[in-house]
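Each residue of the sequence shown is one higher than the one before, counting from 0 in numbering that gives the first Met the number 0.
Positions of the beta carbon are idealized from the N, C-alpha and C atoms, including for glycine.
Let me begin by presenting the structure, written as structure tokens, before commenting on it.
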Amino acid sequence: MTRNVLQVKEKKDRYTVCYMPGDDSGFDMMEAAMLVLNTMDLPIDFVRADLGWCMWEKSVAKFGEGDARCNTVPPETIKKIENADATLMAAITSKAGVKGFKSAILQMRQLFDLYINLRPAKVLPGVGTPLKGDPKIDIVLFRENTEDLYAAVEFNPLPKELYDVHKGMERFKKCSEVAVSWRVFSKEGCERIIRAAFEYAKATGRKTVHNCNKANVIRETDGMMKKIFLQVAKEYEQFGIKGIEENADATAMWLIKNPQDYDVIVASNVFGDILSDEASQLVGGLGFAPSGNIGEKAAIFEPCSGSVPKYAHQYRVNPCAILLTAKMMLEYLGLDEAGAKIEKAIGEVLVEGKVLTYDVLRDFRGDPNWEKDAASTLEMAAEIARKITPGISEARIEQAKAKAKEMCDWTKTVGFDE
Ligand code: IPM
Ligand code: MG
């Protein structure tokens, strides 16, 4: 029996969780998450690690621009992720056009071979869906996370010899500049993500798994994925699970027309990237979208939302995405009950509607005074903590808040310290 990678390797009485605030508003999100988690008496020891733009700047200051040791991820952080049972990450800032800069999360996906990107999209009470008729949306998307165009095998200029490897390149010979990014799929890569999706469906009693591809046009890569999908699907028919393959462009359309028809989706990296953003938009958008990067060696849970640099350290961002991400992480650790409490509490605060961040007021309540009426990230998080533990004292909330602040001090990053 292969182990279920969606569950921590080893069940323990206490877990070590590495937490990484990232950059900018990532710190605000993480502080909110810690405020809530600190009130919950979880069997978890938290270890701080940093990564992202802040570490890039620190390494450039330390080693000098152009030094090969400059990176968005310090060696200390890699060690901590390796040694933790799970990692919770907030959001990082990427800057285009910086020489040598490599995205921290893309590096971690490759380094730890985090081949599953698990992205649920489920309607939340009090947020709902922008679609007519309030369709029931509860989709779990498995995005392949290491291959495809993310293999980072790219050329510009294209080496001379590569013009001759395929007759299709003939017409490009006369072009002034030609760039090529290889779309690499492997049988192993396709099979493991497809199996993860079916195994999940089997374990959770879900009845369909959709594979979204463009095998009708992209014959080799998508053709191979489709073939493997249909083979694996046969094995799961006996469990009453139906495998359905369709064109990814059609999925993009049907997701809006009939989202209730989707249950588990498995997609290659790029299609999964796009379709997961679309699916999240059906249930409130990125402010509510969690994800997990999971493999045999590690699991890094991160919200899909960005680090919103313009609001850095202003506590304006919605704490729900990171809290729903923390819920996924707790489930990974087998702490399902604690995870369920978080989700339930978020729903209660959203339905009650008294303590909401600006985006919820503006986008889901149509409040013309959203700017003025908005609660801060921490106020909303504290309200969620009150729902998780009814009757919790304000002193306890303040204590959790102070601890969270200390844990997420953005002036004290760790890494590149040796
Ligand atoms: C995501 C993001 C990342 C990706 C970016 C930030 C590198 O869009 O996690 O979906 O492209 O995978
Ligand atoms: Mg994305």
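Residue i and residue j closer than 8 Å at C-beta
i: Ser275; j: Leu140; result: yes
i: Asn215; j: Met224; result: no
i: Phe363; j: Val4; result: no
i: Leu50; j: Met19; result: yes
i: Ile299; j: Ile80; result: yes
i: Val350; j: Ala374; result: no
i: Ile91; j: Ser279; result: no
i: Leu41; j: Leu334; result: yes
i: Ile227; j: Cys174; result: no
i: Val282; j: Leu123; result: yes
i: Ala32; j: Leu87; result: yes
i: Leu148; j: Val177; result: no
i: Asn292; j: Leu110; result: no
i: Trp409; j: Phe26; result: yes
i: Gly286; j: Asp366; result: no
Inter-residue Cα distance where the pair is residue i and residue j
i: Glu75; j: Pro302; result: 23 Å
i: Thr412; j: Ile138; result: 37 Å
i: Pro73; j: Phe415; result: 6 Å
i: Arg218; j: Ile192; result: 19 Å
i: Ile387; j: Met39; result: 8 Å
i: Lys404; j: Lys131; result: 41 Å
i: Asn155; j: Val183; result: 17 Å
i: Asn37; j: Ala60; result: 34 Å
i: Ser185; j: Gln313; result: 44 Å
i: Asp221; j: Gln106; result: 25 Å
i: Ala325; j: Asp248; result: 32 Å
i: Ile396; j: Asn82; result: 30 Å
i: Gly284; j: Tyr261; result: 18 Å
i: Asn419; j: Tyr235; result: The structure shown has nothing for residue 419, since the chain only spans 0 to 417.
i: Ala67; j: Lys101; result: 12 Å
i: Gly167; j: Ala95; result: 31 Å
i: Pro129; j: Pro258; result: 12 Å
i: Arg385; j: Glu417; result: 41 Å
i: Thr15; j: Pro289; result: 21 Å
i: Ile240; j: Phe197; result: 8 Å
i: Met328; j: Glu187; result: 26 Å
i: Ala200; j: Glu378; result: 37 Å
i: Ala339; j: Lys159; result: 57 Å
i: Thr71; j: His165; result: 37 Å
i: Ile383; j: Ala89; result: 18 Å
i: Ala150; j: Arg194; result: 21 Å
i: Lys121; j: Lys172; result: 48 Å
i: Ile264; j: Leu254; result: 11 Å
i: Glu244; j: Lys206; result: 14 Å
i: Cys407; j: Ile341; result: 20 Å
Neighbour-count burial assignment, residue i, 16 or more Cβ in a 10 Å radius
i: Asn317; result: buried
i: Met252; result: exposed
i: Arg170; result: exposed
i: Tyr162; result: exposed
i: Ala380; result: buried
i: His209; result: buried
i: Lys309; result: exposed
i: Arg142; result: buried
i: Val35; result: buried
i: Trp55; result: buried
i: Thr203; result: exposed
i: Trp52; result: buried
i: Pro389; result: exposed
i: Glu370; result: exposed
i: Ser392; result: exposed
i: Lys400; result: buried
i: Trp135; result: Just to set this straight, residue 135 is Lys in the shown sequence, not Trp. So Lys135 ends up on the exposed side.
Limits of the alpha helix (DSSP H) - the one that residue i falls within
i: Glu347; result: 335–351
i: Lys418; result: The chain is shown only over 0 to 417; residue 418 falls outside these bounds and no answer can be derived.
i: Gly25; result: 24–37
i: Glu236; result: 220–236
i: Arg385; result: 376–387
i: Val359; result: 357–363
i: Ala103; result: 103–110
i: Asn268; result: 268–280
Segment limits, beta strand (DSSP E) that includes residue i
i: Phe141; result: 137–143
i: Met19; result: 14–21
i: Leu117; result: 115–121
i: Leu322; result: From DSSP, Leu322 is part of no beta strand (DSSP E) but of the alpha helix (DSSP H) over 319–331.
i: Thr76; result: Element bounds for Thr76: not the beta strand (DSSP E) but the alpha helix (DSSP H), 74–82.
i: Lys241; result: 241–246
i: Leu87; result: 85–90
i: Ile193; result: Element bounds for Ile193: not the beta strand (DSSP E) but the alpha helix (DSSP H), 186–203.
i: Ile391; result: Premise fails: Ile391 is in no beta strand (DSSP E) and is neither H nor E.
Closer than 7 Å: residue i CB and nearest the ligand NAD heavy atom
i: Ser24; result: Ligands in the displayed structure: the ligand IPM and the ligand MG; the ligand NAD is not one of them.
For the ligand MG, which residues have a Cβ under 6 Å from at least one heavy atom, in chain order? Checking every Cβ against the heavy atoms of the ligand MG under 6 Å gives Asp272, Asp276.
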